[in-house]
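Colleague: With the numbering used here, letter number 173 in the sequence shown gets 178, and the count goes up by one each step, no holes. Glycine included, every Cβ here is placed at the ideal spot set by N, Cα and C. No experiment lies behind these values; they were computed from the predicted model shown. Structure incoming, see below.
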Amino acid sequence: MDAARADRRVHRPGRHPPARGRSSRAPDGARLPSELVRDVRQSVGDAAARDDAVLPALPVRRRQSLRALDHRQLSRVLRPLRRQRHPLQSRVAAPRARVRHAQGVGRRGAHREGPGAGARAGEPRCPARLGLRGRLRGRDVADAAAARARRLRRGHRNDALGARAVRAGILARGARLEAPRQSEPALRAPRGSRGAAGRSEQGRTGARVDAENELDRTGAHDGGRGSGAAGVKVLVTGADGFVGRWVVRRLLADGREVYGAVRPGQSPAPVPPAADLTPAEREAVRWLPLELLDATSVRKVVDLPYDAVVHLAAVSSGSDATRDPGYAWTVNAAGTARVVEVLGEAKRTGRADPVVLVVSTGEVYGASHEPRPRRETDPVAPCSPYAASKAGGELAGLEAWRRTGLRVIVARAFAHTGPGQDTRFVVPAFAERLRFAKRVAAPVVKVGNLEPVREFLHVRDVVDAYARLLVKGQPGEIYNVASGQAVSLEELFFRLADLIGARPIPEADPDLVRGGDIFHLVGDATKLHGATGWTPRYALDDTLRDVLDAQAD
Numbered sequence: 006m007d008a009a010r011a012d013r014r015v016h017r018p019g020r021h022p023p024a025r026g027r028s029s030r031a032p033d034g035a036r037l038p039s040e041l042v043r044d045v046r047q048s049v050g051d052a053a054a055r056d057d058a059v060l061p062a063l064p065v066r067r068r069q070s071l072r073a074l075d076h077r078q079l080s081r082v083l084r085p086l087r088r089q090r091h092p093l094q095s096r097v098a099a100p101r102a103r104v105r106h107a108q109g110v111g112r113r114g115a116h117r118e119g120p121g122a123g124a125r126a127g128e129p130r131c132p133a134r135l136g137l138r139g140r141l142r143g144r145d146v147a148d149a150a151a152a153r154a155r156r157l158r159r160g161h162r163n164d165a166l167g168a169r170a171v172r173a174g175i176l177a178r179g180a181r182l183e184a185p186r187q188s189e190p191a192l193r194a195p196r197g198s199r200g201a202a203g204r205s206e207q208g209r210t211g212a213r214v215d216a217e218n219e220l221d222r223t224g225a226h227d228g229g230r231g232s233g234a235a236g237v238k239v240l241v242t243g244a245d246g247f248v249g250r251w252v253v254r255r256l257l258a259d260g261r262e263v264y265g266a267v268r269p270g271q272s273p274a275p276v277p278p279a280a281d282l283t284p285a286e287r288e289a290v291r292w293l294p295l296e297l298l299d300a301t302s303v304r305k306v307v308d309l310p311y312d313a314v315v316h317l318a319a320v321s322s323g324s325d326a327t328r329d330p331g332y333a334w335t336v337n338a339a340g341t342a343r344v345v346e347v348l349g350e351a352k353r354t355g356r357a358d359p360v361v362l363v364v365s366t367g368e369v370y371g372a373s374h375e376p377r378p379r380r381e382t383d384p385v386a387p388c389s390p391y392a393a394s395k396a397g398g399e400l401a402g403l404e405a406w407r408r409t410g411l412r413v414i415v416a417r418a419f420a421h422t423g424p425g426q427d428t429r430f431v432v433p434a435f436a437e438r439l440r441f442a443k444r445v446a447a448p449v450v451k452v453g454n455l456e457p458v459r460e461f462l463h464v465r466d467v468v469d470a471y472a473r474l475l476v477k478g479q480p481g482e483i484y485n486v487a488s489g490q491a492v493s494l495e496e497l498f499f500r501l502a503d504l505i506g507a508r509p510i511p512e513a514d515p516d517l518v519r520g521g522d523i524f525h526l527v528g529d530a531t532k533l534h535g536a537t538g539w540t541p542r543y544a545l546d547d548t549l550r551d552v553l554d555a556q557a558d
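Laid out in structure tokens, this is it:
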């Protein structure tokens, strides 16, 4: 008689409203014996308590509306529990956690800590209407759910974000780089002057790349490694070139960890002090030898877990490319293909997922019948070995993006200049000849074709565009880096002459005329501005003054 009374199902009308659209009467065997309906605690004492451990894991509101379930229906009920990513600490309590569950309370606040919390809140305590047939009828279900909860609790002991972090400080797949700083801050202190805050920040980003065992040191650089505040690793190929030095300087100022890839065994051309890296900046860069003609060298340097890659290494002079078109194609097209292929393989295997900025040129648009700014949607029709080889590098990068998902962005930079550019290019060449003419009082200056119309950006503006594209550029897209301010080479010549204070007469020299010159080449950077907010800050006269000041040094 006592056993029958204990097994009697308890139901008090009005205390437990029925589920919507269902009868308030439950079938036989749908509820647990009243002797087992009580505050659920985690316990390993008996099998019944282990079976009941899964019940508190179900939401309280849902617990009231359950009816008799077969195994298939029960699996659907428990499916959200199994899919939860975080530990169920608030629902399946650890032993001795003293968490009581007020069963049958149909509102928030059903979980209270400490004994008698529900009574203090004025909440009724009564048996729950649980529709789990035969106390879940199969201990494997309850045991599996309890084991799942234990595994989740163990995983939660560590930092949840740290447990899912990608190795060695690499950003999560699909993530973007930290936004660059709006102003140009002072450069970081040399290695060894970082405080505890910098060291702790570095520790949070993961282990650093240990490249001493993989790469030889180059030149006089000792391979010192700088650590940015965000721990973002950026590889710059051609880091000792004209634009490469300015990119390295900007990335260091933004707090990046810079790896500079340079051609081994080649002494860089002398540059003015204003354009060269300082000793502290060189110390902060990890220098790596890179030969684009050697696939082994490319793999050795590129196959490291970088967050971003700025690919600048190239034959950058049109006259050099015209003298040896095959070499220009090998470096600019095949070399780029090697770089993106190694990075694409790292992307496929999950070793890294960098943003890759492939730097191209506005000359890929070729000649145009109408003098208007070029847009990214205009057809590509290169008319020189240099432009054609750079177009091949673009195709290699975009093909790797389509095939492997590598985050490739193409930047088509129009003509730019600044401190440190050598005299193979028009602005430094004009400045040098005009200075010499003033010094010796020469009446004429030899020049090439002065009819073409170009635009000339300051190298700082170009580098600013590159830094913004690393953060806000869209993979698979092409962006013009241009000012849209057209100026003829003749006007450029006389502007420089006015700034120098010389009045020589330009005289055409056939040896200085470059074949395949494009009459009008000016770009439209509306797309770049819309994506990144970039606008050039330096006027043309300011740019020319910087070039002249650097040559005076």
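Among the residues of its own chain, which have a CB less than 6 Å from the CB of Leu-494, if the five just before and after it don't count?
Modeller: Counting only Cβ-Cβ distances below 6 Å, and skipping sequence neighbours, we find Leu-455 and Pro-457.
Colleague: In three-state DSSP terms, what is Ala-418?
Modeller: Reduced to three states, the DSSP call for Ala-418 is strand.
Colleague: Can you look up Asn-454 in the DSSP assignment and give me helix, strand or coil?
Modeller: coil
Colleague: Going by DSSP in three states, Ser-321 sits in which element: helix, strand or coil?
Modeller: coil
Colleague: Looking at the structure shown, is Trp-334 part of a helix, part of a strand, or coil, going by DSSP?
Modeller: helix
Colleague: Secondary structure at Glu-128, three-state DSSP: helix, strand or coil?
Modeller: Only weak support exists for where Glu-128 lies, its pLDDT of 47 falling under 50; the coordinates are left without a value.
Colleague: Throw me the rounded Cβ distance for the Lys-238 and Pro-310 pair, which I believe falls under 8 Å.
Modeller: That belief holds up - the Cβ atoms of Lys-238 and Pro-310 are roughly 7 Å apart, short of 8 Å.
Colleague: What does the alpha-carbon distance come out to for the pair Val-267 and Val-345?
Modeller: Taking the Cα positions, Val-267 is about 17 Å away from Val-345.
Colleague: Once DSSP output is grouped into helix, strand and coil, what is the label at Thr-537?
Modeller: helix
Colleague: Alpha carbon to alpha carbon, how far is Glu-368 from Arg-379? Give it in angstroms, no decimals.
Modeller: 10 Å
Colleague: Thinking Leu-297 and Ala-326 are a contact (beta carbons under 8 Å), I'd like their distance in whole angstroms, please.
Modeller: Between Ala-326 and Leu-297 the Cβ distance is about 14 Å, and since that is not below 8 Å, they are no contact.
Colleague: Pull up the distance between the alpha-carbon of Leu-549 and that of Gly-355, whole angstroms please.
Modeller: 46 Å
Colleague: Output yes or no for whether 9 Å exceeds the beta carbon distance between Val-527 and Arg-377.
Modeller: Against a cut-off of 9 Å, the Cβ pair of Arg-377 and Val-527 comes out as a contact.
Colleague: Mind the definition here: the segment 247 to 256 touches the segment 462 to 481 only if three or more C-beta pairs lie below 8 Å; say whether that holds.
Modeller: yes
Colleague: Decide if Ser-324 is buried, meaning its Cβ has at least 16 other Cβ atoms within 10 Å, or exposed.
Modeller: exposed
Colleague: Between Gly-231 and the rest of its own chain, which residues show a CB-CB distance below 8 Å, the 5 nearest in sequence each way excluded?
Modeller: At Gly-231, the pLDDT of 35 sits below 50, so the modelled position is not reliable and the matter cannot be decided from this model.
Colleague: Tell me which same chain residues have a C-beta within less than 8 Å of the C-beta of Ala-544, skipping the five on either side of it?
Modeller: Cβ neighbours of Ala-544 beyond the five flanking positions: none.
Colleague: Run through the segment 345 to 381 for me and flag every whole beta strand (DSSP E) of 3 or more residues, listed as ranges in chain order.
Modeller: 360 to 366
Colleague: Which residue wins for smallest C-alpha separation from Val-314, given the options Gly-398, Val-413 and Tyr-370?
Modeller: Val-413
Colleague: Where does Ala-266 fall in DSSP's three states?
Modeller: Here Ala-266 sits in strand by DSSP.
Colleague: Count the other C-beta atoms from every protein chain shown that fall within 10 angstroms of the C-beta of Ile-510, then say buried if there are 16 or more, exposed otherwise.
Modeller: It is exposed - the Cβ of Ile-510 has fewer than 16 other Cβ atoms within 10 Å.
Colleague: With which residues is Thr-409 paired in a DSSP beta bridge?
Modeller: Thr-409 is not bridged to any residue.
Colleague: Using three-state DSSP, classify His-226 as helix, strand or coil.
Modeller: At His-226 the pLDDT is 34, less than 50, meaning the model places this residue with poor confidence; the figure from the coordinates comes in the next sentence. Three-state DSSP puts His-226 in coil, outside helix and strand.
Colleague: Just the C-alpha distance for Leu-403 and Val-241, rounded to the nearest angstrom, thanks.
Modeller: C-alpha separation (whole angstroms): 19 Å.
Colleague: Buried or exposed for Phe-441, please, with buried defined as at least 16 other CB atoms from any protein chain shown within 10 angstroms of its CB.
Modeller: exposed
Colleague: Can you name the residues that DSSP bridges to Trp-292?
Modeller: Gly-265
Colleague: Whole angstroms is fine: what's the gap from Thr-537's alpha carbon to Gly-478's?
Modeller: 7 Å
Colleague: Can you tell me whether Arg-542 is helix, strand or coil according to DSSP?
Modeller: coil
Colleague: What does the alpha-carbon distance come out to for the pair Val-303 and His-316?
Modeller: So the alpha carbons of these two residues sit roughly 12 Å apart.
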